[in-house]
Each structure stands twice: as structure tokens, then as C-alpha cells.
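Report on the structure given below.
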Amino acid sequence: MEDLYSMLMQDVRFEEGLNACMNCGVCTAICPAAEFYDYDPRQIIDTVQAANNTEIEKLLKSDSIWYCGECMSCKTRCPRGNAPGLVIMALRGLSQDLGYFVESEKGRQQLALKRTVGQWILDYGYCLYLEGVGTNLHPEQGPVWDWIQDNWKELFNKMGANYKGDGPGILRKIPKEAMDEIRSIFEETGGIARYETIEKFSRKKAEELNMVLDDGIDNEYFRHIYKTNNGKHTR
Amino acid sequence: MDKHVVVIGGGVAGIEAAGTLAEMGLRVSVIEKEEEAGGHITGWHALFPDRRPAKEVTEYLRHRIRHNNITLITKATVERINHHGHSFSVNVSDGTSLNADAVIVATGFDLFDARRKEEYGYGIYDDVITSADLEIMFASNKVLTSAGKVPSRIGFVHCVGSRDEKVNNNHCSKVCCVTAVKQAIEVREILPDCEVFCFYMDMRMFGPLYEELYRESQEKYNVNYIRGKVSEASSTINGRVSVRVEDTLAGRPLKMEIDLLVLMVGMEMSKTGERLAEASGLSTGVNRFLKSADHHYGSNESGKKGIFYAGTCTAPMNITDTISHARAAVTETINYLNSR
Amino acid sequence: MKIDGKIAIWKEYQKEIADDHFFYVRSCVRQNFFPGSETAFLNIMRDVLKKDVYEHPCHTTCTGIGYHSDIVPIETTMTVVARQFALMTEAGYENLLPSCITSFGLYTEIMDTWHHFPEVEERIRVNLRKATGREFKIPKNLAHASDVIYKFRKEIAASAKFKLINKNTGEPLKVVDHIGCHYAKMFPSKGIGGAEYPYVLAGMVEEWGGKVIDYPERRHCCGFGFRQYLVQANRGFSIACSREKFESMMPYKPDMIITNCPGCPMFLDRWQYVINEMEGKRYGPNNEGIPVFTYEEVAGLILGSDPWELGLQMHQTDCEPVLDKMGIDYDPEEKYNLKKEIKRATSSSFVKV
Amino acid sequence: MSATAADKFGFAINRTRLINYDTTDRKVRGYISEREPSFRLCFACGGCTASCTAGQHTTFNLRRMNTYIRRGEIAPLREEVTRCMLCGKCLLVCPRGVNTRNVVAVASEAIRKFERNEL
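Chains as they are written, first to last, in our numbering: chain P, 282 to 516; chain X, 178 to 517; chain H, 104 to 456; chain W, 819 to 937.
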């Protein structure tokens, strides 16, 4: 078996986030995910610090590492200077690199994030993009959002935006040279590799589940991972 | 023996060291920063583990320091210890200087300033108090909320300012656990209808009769123990204090409202001791307490000939150990003076 | 409650905020959901406070939401951030002014990491050089846009046309301040007032006439949680967090909520709508919600800006109850009227001519 | 919540895992504490759980069960008590001399009474 603990040690966030834990529970007490999911950051840290690769592998394949909302409330309070949130980020990174993320319902959702936020970053230079966030995928945005999307041109103009325009301003079109630089950074630093890894393992999983996964977000597998909740994640 | 020893600090350790030296015929000067000698114990109502009145011990100490060989200088601190061949001079804050054949440092501890744990709201939320504040309430035999109401639920937060790198104190203050148990029992005696909770990480019942006291608190007084470090306190609309903790034994977060939240403040190196150490070249350890020459068999030795340590300037201690440590410091001092 | 205790803590946490010459980087969420807020901010900075704020057309997202959704590796995020620094350096600026709290937190975290692990900074410099040929200097001053408004809150109050006061009763409006988690929870010393009693918004509210409410769930997250909102299956978590806050603040009868993070106002606004749809529950009086504002919107309102130019019609929870209490004269007919000729709102109605 | 609302938005609001001590009911605890006072002596060492045969084959955890009793968490307690086989092995190891076996027996009785509103 691979030495997963050593692999985690390569991540600077792991080094920053994990000192000796004394199981005081101050992180779990304040953690929103511990309140609304069957989740306990204290136990995650306890498992990880035992440096048992079998247990770490189980963790990397489980839903447990995907509940954290990365609010970092845990970092404020820990009396030993740990940051379970940072450790979670290191675990999630490794789970994706090794393809373990597709083994859990919550982990599989990484493809949905990659194909929305991830794609918008490379296509537009923004993490969110007006046209991508429709009430079909986001019914909670409510009637006001339908009105905004129907009238975005006039409305954003009124708000002083520069939607798709040249030069500075709100939701401007970011020049091609700049977008090329972003892509080049992603290529140089492993961003594209991460995207490709997510794609590769997701396609394999879709095949295994006998689900259709073609490009974009209008397909069976995407809808499945985006909407499925087995109801066992909370009490 | 016609020698003069300067004892820096007039708390439990300083008084015991001075009294022992005086009885042996040495001349002693005790320098105390407060108006009166006695130390932190003077503000305490009752002591663990037998819950005897603190007055009995303060009475003993008062008696101990009244000796013809002892000169007590109050409202003064020592700024620096200077070494001159076989003797010392110490600079006192009042501008004077005292010569000495040996020096015993007994600068004691400071109680942790609970305001530094901001998330508990001491100094902000009216019904968040410290263990020292509660002793004062015990002395008047009245435990009431800030609004004058009889509390129906009291919580004790262990390890406030101890075992916490966020406030630069990694050490355990040792005595807070058993103090919480003692205070929990006292609350239950004064207010039999009041529910009492201790929020702890570990119950460190290290001394004789401590574990028995802990057991008694469960068996006889129905004190509740919840294993988890309190994460935060906040004020509720009805003036209570809401606390959040993980009940680590259930593996779930827990929230409850409390009428009076007591913070078990720990011991840390005293500011005056820290300044003295720095000015006099005495080395300090990881938690800023004075570093002894040897942890096992030289805990009274400073590493500088003729300067000795007594009591909580070296580490948190209970009264029993402080008194023993002070007597041991005297033994070391006498050995040193004899061998010189 | 003893306010002295809080004041003592607020004094402890005062950070340095540059006085002028800012390099502004926009927020993905704010641009999409609260465009009027960024416009109002720049107008206040440039027209009211007469500050030099520069925006580079080539700056991009910091990738923060992607980073915290764990699809963008830390190495990539650090290099994108280094590129923003490079644009700032090239433009001759030293004071970085992010509009977004996630960005602010990320910049703070990265600068801290580089401080503790200089070899990481070196590696990122090489990455950036290889990918773009750019070089950068680390910002001399990093302040969130809300820090700057806090710094100049008195100047804004001096030009104010309205106050956070109920004109009918003369009472201060009761305001819930909600601080974005990444503002100070990771690095308490980088936030005005620290992590436990943040003062950045409270200071504005007090200066502008309102009264801040301290309620039990005050410190807690709105529930965004990145992937916990972005993926539909997880939204039950996100809304549960907001609901807990609403339940906790409701007994205090707040008039409004003010926020400094771009995402929080959107969630606190939309989840009220959804909770009402699901459970038929509203948290304000008269079957209304609790209006939620960005701090830029609040600053704009007190300076006399038109509510519909600020974009208050883009909220799902109606803001009119607060406008009425403050005595702001607005045209209800204009709320959703976009037909008439609109001039680009580069300067808005509060600007003194 | 109506099913249609959840359908419309595609999710249901998560329930809390928080133990809210102000709303849980501790009548069961009072009943046990009175009839088997040794129950109060548990200091959660976990010796019982370590020695438990039932715990090797099910999720039964006597140490945690005691915590549920103390906090007034009836729902998980109800499940826990059914898993104990009342073999009494835990009695041999308890360093505080808690009559663990009887705690379970009294707990079952208390729950029955609680459900019939007899506590």
C-alpha cells in the first residue's frame, strides 16, 4: 500500500494544520458541518494523526471528508494551533489525485464543481458567471433571479456594470491575453492536471454505474451527482 | 549562623522559606509587592481537598512571618539581583539596595487574565466569572447572578488559560481541576437545587484525596461532568449564558444555557518574576516559569550559586507542594552557606 | 453586558489600513449578485472620499471559490494570486484592496504561508515567471474594502443625508452584523476587532446611528460552505446554518442585517425566501423578512443614493421596510422599471456637485 | 415541510445533531440515578465497552449509553439498551464498581415507563 501519510505530509496545509491533537472537541463544538452532518472534525484529526494508512485510505474514500464547508471556524479556537479545515483540504486534494473521490457520493460531486466553477474560471476568468447560474440549477435563487436574467442587459447597465465590455468594470470581458495567462498558470501548476484527473476517474465511475456522461452538464451522470442525496448524511 | 538571606516574594513559598530560615537563626528580609504578605491564598475561602477554611492556613502563615529575624518590606519589588563574589545585592523598587549572602526567589504566579480568552466573554457578559470571583462569593455565602437571582445552573470551564497555545500557555496548571470539583460541591451545598456542570478535557486528580473528592462529587453531590473544551459563550435574550461544547463521549456538539459560568483560571509566570529573571539573567523554561538546574533533583537550584527557587515561580503547585518546596529551598540555601 | 470589555478588545485589534492609492480587485459573487454595491463603493471612494482607486482590466478571479471547492490545487491558486500581485506591482501600486472576503482571506493565508515557508514563495515566483514572464512584490498593505469604509466611516457620516434611525420613533435601527468567516477567523489580528467581537461593521453601524445586536449565533457561518451550496444535493446543510441564525436573532426583532462578505447577503436573503416557501415561516414583523444589505448598500443609502440604483431590487427579500423606517424617499413604481433611458451610473445621485 | 417544496428546490433542510440540553428530557436519568445510584459513579473510562461481547458484534457501547442517559438523549438510548445481552462481564472490570448490568436493566424499565408517560 502507498504511504498515504507521507503523501499528505507533502501538502503545506497539512504541515500547517496538524500538530498533536488532544481530542478536546473545541473544533467540533463550533463546526457547522458537525452540527448538520454526521461529521466530527476531531475524529478526522485523530484518525489522521495515528498515521495508519489503512484508516487514511478509508477516510479518503468516504463521505466524511466532504462535509466540511471550509469556514475555518476551527482554526480560531484550537488550543493546539491545529486547523482541521486545512487538513481536510489536504485530504480532499489527495483523494482526487488518487481517484478515491469517486468512491463516495459526496466525493463524486467534484465533477459537478469542476464542470461549473472550474469551467467558468478558464472560460471567463470568474468563479461564477451570470449566465451559468440559472434557476434550473438554482431554484432557490427565486423569482427575482428570473427577472434579473430576463433583464440583465438593462439592469446591469443601470448598476454601472460593463458586462462583456472592454476595459475595467463589473463582469467585463477579460482580455484574451489575460485568459491565456490563466490557462498557462493552470497548465504549469497542476490545475489542468487536477481537472483531467477529476474527468478521468469520473468517466470511469460513470461507466461502472452504467450512466451516460458526455461533455457539459446536460447528462445523466452530472444530474445524478448534482442531485443525489441518500439521506444518510445527517441524523 | 549570622547570615542574611533575601526572600523575593511574600506568598506561601516566601513566607514558609523565611520562617524556616528565621527559626534556624538566620536574618531574613522578605520583599512583597502587595500591601500585605500572604499571597493569592488570602483571597480564597476554602481549600481542597478537605475544604478547610483558607483562613487556617493564612493564620499559620501570618504567625510564621512574625519573627524577630524577619524584616518584611511590602509594596516593593526586586528589580535585579547582582552577584558580587560570595555575596549579593538586590535592587529594590523603592530605590534601596539590600546585601545578602543568599537569595531565594519566590515570586509566585499570576492568575491568568480571563479576558484574554475572548470567546468566553469575561468582562463582557455579566454572568461569566472566574474561580477567584466565586471564592469571594463563597466568603459572603451568597452565590447569585449579576441580576441578584439564585442560579439554577452553573458551569465550570476547566483549562482557562492552561494547555492552550492560543494564549501562550502550554502547561497544565494542575490545581484547577480539583478546585472546580471543590467549588462544584460547595455550590451544591449552598444551592441544592442548582445543577452543576464541569466541562473538562482530563480530570487531573493528582494529589492525595483528590480522586476521592471527585468521586464524592458524583456520588453524593450529583455533579455533572461533560468531556469537552468549551468553544464559546454568548449572551442570550433572557440574560443567561449559552455555551457550546462537544460532548466528546457522545461524539456530538452540545449546547446549553447557564446562569453563571465560572472560568477556572490557571497559573502563569508572574510578570514581576519575568522582569526579575530577565534583569538578573535567570533562565526561564518553555512556559516562562523559572528553569531549575535539574528537573528531578535540583528543582530549587537556579544554576547560579547562592540563588534558589521556591514554589510556583518554577511551576504550578498546590499549597502542600509549595510548602515542601520552600523548605527544600531552605535546605539548599543552608548547604550552600555552609559549604562556602 | 459590559460594553467596556468589548471596547478594550476592539482597541487591541486595530490594523493598519492604507490611506490612499489602492489597487482594487473585484469579487466574483458581488459582481454577479450585487453589482450596484461595487459601483457604489468606487463612487464613494473616488467622488466622496477623493481617493485614488485603480482597477486593472486584466485582473481575474483569485480562484477562491474553486480553491475552496478543492478543484483548484493550492499551487495554482497561489500562482494566480501572484499574478494579481504582479499586475499591482506593474501598475505602481502597493495597497491591495479586495472586494471579496474569500479573496481577502486567501491573500492573507498565502502571505502568511510564504512568510513561514519562504521556499514556497520562491517556487511560486518560478511558476509565475514560467507561465507569464511576470514578477511581483508582496503588497505592502492589504485591506478588505469594508476595512476602508470602516476607516472612513466618520467622513461618510459627515456627508450623510440619512441615518440608521427610525424616523418615526427616533430609535436607532437594530442591526445584525454578519461577518464573513474568512475575514478574521483564520487570522484574528488581520480583522478590525478580531475574530470574536469583530468591529468592522459594528463601527460603521454605530457611527451611522444604528445599534448592533449581540445574539447567540452571531459568530456563526451563513452556511455557504462552497461545495455545500454549489451542489444542489448539499443545500440542506447551507440553509440549515442560515436558519439557525435567523431563529437565534428573531427574538431581538432586528430591523436589518448588514454583511461584509459578498456571499453571505445572498444566502441570508435567498434562504429566507426558501424557508418561507418550505415552512411558511418569516422572521420579520407583518409577514415580512429581515432585509439584508451589503455594507456598500448601507453606505450608499445613508449618503442619499437611489435604492434602485444601488440594486436593492435585486434582493429577493424586500428592503422597503428599512427604507421606510429611515425615511428614504423612493419611487415604488421605479423598482422594476428598466424601460426609460439610463445613463451609465458612473456617478450616482449622492455625489455633491 | 411539504414534499412539493422539497421537490421544487431539490433538497430538504438538514436536521441538527446538536444535543440541546435545554430541550432534552432527563426523567429517565433521574429514575436510573435513584434506583441504581452507582450509575452516577461512571467516569467514562470505557472498560465496560472494551470487555463487552455484544459490542464486538453490534454497535453497542455501554460507555456511550451512559452518556446518552445523562444527557437525556432518549432516541439513541432506546436502541442501545436492546443490544445488551445482560451477560454482566462489564461488572467485573468497572473500576468504580458501577452495577452496569443493572443500569441497563433499569434503563429498559425507565424507557418503557417514559413511553407510557409514567415517569
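The beta-carbon is built from N, C-alpha and C at its ideal position, and this holds for glycine as well. Predicted model only: the values in this text are computed from it and were never measured.
- Residues of the segment 840-855 of chain W that bring their beta carbon within less than 9 Å of a beta carbon in chain X comprise 840, 851, 855, in sequence order.
- Proximity to residue 924/W across 893/W, 858/W, 846/W peaks at 846/W, based on C-alpha coordinates.
- Along the segment 394-410 of chain X, going in chain order, the ones with a CB nearer than 9 Å to a CB of chain H are 409.
- If only uninterrupted beta strand (DSSP E) runs of at least 3 residues are considered, those enclosed by the segment 268-314 of chain H are 277-281.
- By the Cβ test, the segment 192-199 of chain X is in contact with the segment 234-253 of chain X, since at least three Cβ pairs between them sit closer than 8 Å.
- A Cβ of chain W is located within less than 9 Å of the beta carbon of residue 335/H.
- Apart from sequence neighbours up to five positions away, the residues of its chain that approach residue 335/P with a beta-carbon distance below 8 Å are 282, ordered along the chain.
- Excluding the 5 residues flanking it on each side, residue 826/W has no same chain C-beta neighbour closer than 7 Å.
- With respect to residue 125/H, residue 198/H sits close: the two C-beta atoms are nearer than 9 Å.
- Scanning its chain for C-beta atoms nearer than 6 Å, with the 5 sequence neighbours on each side dropped, one finds around residue 903/W the residues 872, in chain order.
- Each of 390/P, 342/P, 329/P was checked against the Cα of residue 338/H, and the nearest Cα belongs to 390/P.
- Counting the other Cβ atoms within 10 Å of the Cβ of residue 508/X gives fewer than 16, which makes it exposed.
- Looking at the backbone, the Cα of residue 176/H and that of residue 472/P are separated by about 6 Å.
- Within chain W, 827 have C-beta atoms less than 8 Å from the C-beta of residue 377/H, given in sequence order.
- At a cut-off of 9 Å between beta-carbon atoms, residue 930/W makes no contact with chain P.
- According to DSSP, residue pairing for residue 478/X in a beta bridge involves 485/X.
- If you check the CB distance, residue 188/X and residue 214/X come in under 9 Å.
- A contact between stretches requires three or more CB pairs, one per stretch, nearer than 8 Å, and the segment 456-469 of chain P fails this requirement with the segment 346-366 of chain P.
- Between the alpha carbons of residue 431/X and residue 381/H lies a distance of about 27 Å.
- Within the segment 330-361 of chain X, those residues whose Cβ lies closer than 7 Å to any Cβ of chain P are, in chain order, 340, 341, 342, 343.
- The beta-carbon separation of residue 889/W and residue 317/P, rounded to 19 Å, does not stay under the 8 Å limit for a contact.
- As for any beta strand (DSSP E) of minimum length 3 sitting wholly inside the segment 361-403 of chain H, the runs are 395-397, ordered along the chain.
- From the beta-carbon of residue 433/X, the residues of chain W found nearer than 9 Å are 837, 838, 839, 840.
- The beta-carbon of residue 832/W is placed less than 9 Å from the nearest beta-carbon of chain P.
- Using a CB distance below 8 Å, the part of the segment 339-351 of chain H facing chain W consists of 339, 340, 342, 343, 346, 347, ordered along the chain.
- A Cβ-Cβ distance of about 6 Å is found for the pair residue 182/X and residue 510/X, placing them in contact under the 8 Å criterion.
- In terms of CA proximity to residue 154/H, 248/H leads the group 136/H, 248/H, 170/H.
- Cβ atoms of residue 301/H and residue 294/H come within 8 Å of each other, at about 6 Å.
- Spatial neighbours of residue 396/P in its own chain (CB-CB distance under 8 Å, excluding positions within 5 residues in sequence) are listed in chain order as 497, 498, 503.
- Residue 876/W does not reach chain X, its nearest Cβ partner there being about 17 Å away, counting only Cβ pairs nearer than 8 Å.
- Closer than 9 Å to the CB of residue 289/H there is not a single CB belonging to chain W.
- The beta carbon of residue 418/X sits no closer than 9 Å to any beta carbon of chain P.
- Contiguous beta strand (DSSP E) elements confined to the segment 301-363 of chain X occur at 305-307, 330-337, taking only those with 3 or more residues.
- Taken in chain order, the segment 392-427 of chain X contains no complete alpha helix (DSSP H) segment of 4 residues or longer.
- Here DSSP, grouped into helix, strand and coil, assigns residue 375/X to strand.
- For the alpha helix (DSSP H) assignment, the uninterrupted runs of no fewer than 4 residues enclosed by the segment 223-265 of chain H are, from N- to C-terminal side, 248-254, 256-261.
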